[in-house]
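Written out below as structure tokens is the structure these notes cover.
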Amino acid sequence: MCGRFTGFSIDDTRDIISVIKSSDMANSEGLAVDAKFEGEVFPSDIVPVLVPSKQGEEEVISAKAMKWGYPLFANHGKILAKPRLVINAKAETAASLQMWRESVATRRCIVPSNGFYEWQKNRGGKRIKLLFNTSGKKALFMAAIYKEFAYNGCPKIAHFSILTTEANESICHVHNRMPVVLLPGEFDDWFGDNWADLFDRSLLELDNAAV
939 MCGRFTGFSI
949 DDTRDIISVI
959 KSSDMANSEG
969 LAVDAKFEGE
979 VFPSDIVPVL
989 VPSKQGEEEV
999 ISAKAMKWGY
1009 PLFANHGKIL
1019 AKPRLVINAK
1029 AETAASLQMW
1039 RESVATRRCI
1049 VPSNGFYEWQ
1059 KNRGGKRIKL
1069 LFNTSGKKAL
1079 FMAAIYKEFA
1089 YNGCPKIAHF
1099 SILTTEANES
1109 ICHVHNRMPV
1119 VLLPGEFDDW
1129 FGDNWADLFD
1139 RSLLELDNAA
1149 V
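Read left to right, the sequence shown gives residues 939 to 1149 (the working numbering).
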């Protein structure tokens, strides 16, 4: 599960661009988008999301402003007056479900962040907010999918949902699901043909800190 994450500050943009440049596909101009960078990101917020794109004959990574959550227009057969946003998709079943399968096959993206949040109760029953991040790194990158929607008279905009997988030892004591966290060297695989191999995050180490 990933219900909130934290955006990266303008200073951190430098670190994220340097990571993108380590990929075979890189466009360092792509992060100059009109979207929320800093602070806590909630469902329905618009943030920069990394996508593969063409630059002449070359494949590059650019950034696109997207809204968090696929709109769901019906629930158990009932048409909703206001669409509900579906912010996560299970990696294990997304390729077989009608809502997600085309996006998984053709519209994969990466959400850059400074970590994602989960909550844990302490011995006194108080909920403690924890920020999870990749061990020893400032930036954390999450696998996601996207699709463009237009509804309620609003202009068409891309919406993204974050893929989740079974929690590993770093987080299973807090939650049974976690985002599909990508390491910088895995970007090309995620945008290439080996994307399904990245759903197993059992060996990935995450740090956490109370915030």
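A virtual CB, placed ideally from N, CA and C, is assigned to each residue, including glycine.
In this structure, Pro-1009 is the residue among Ser-1108, Lys-1020, Ala-1019 and Pro-1009 with its C-alpha nearest to the C-alpha of Asn-1026. Between Lys-1005 and His-1097, the gap from beta carbon to beta carbon is short of 8 Å. In the DSSP assignment, Ala-1027 falls within the unbroken beta strand (DSSP E) covering 1026-1028.
By the Cβ test, the region 1063-1077 is not in contact with the region 1088-1105, since fewer than three Cβ pairs between them sit closer than 8 Å. Non-local beta-carbon contacts of Asn-1106 in its own chain, meaning distances under 8 Å to residues more than five positions away in sequence, involve Met-1116, Arg-1139, Ser-1140, Leu-1141, Leu-1142 and Leu-1144 in chain order. When rounded, the separation of the alpha-carbon atoms in Glu-995 and Gly-1053 is 34 Å.
Contact between Glu-1056 and Ile-1109 holds, with the beta-carbon distance rounding to 7 Å and staying under 8 Å. In the DSSP secondary-structure assignment, Ser-1000 is bridged to Val-989. In this structure, the alpha-carbon of Met-1037 lies about 11 Å from that of Ile-1083.
Taking a 10 Å sphere around the C-beta of Glu-1124, we find 16 or more other C-beta atoms and assign the residue as buried. For the 8 Å CB-CB criterion, Ala-1029 and Val-1118 form a contact.
Annotation: the continuous beta strand (DSSP E) that includes Val-1049 extends over 1046-1051.
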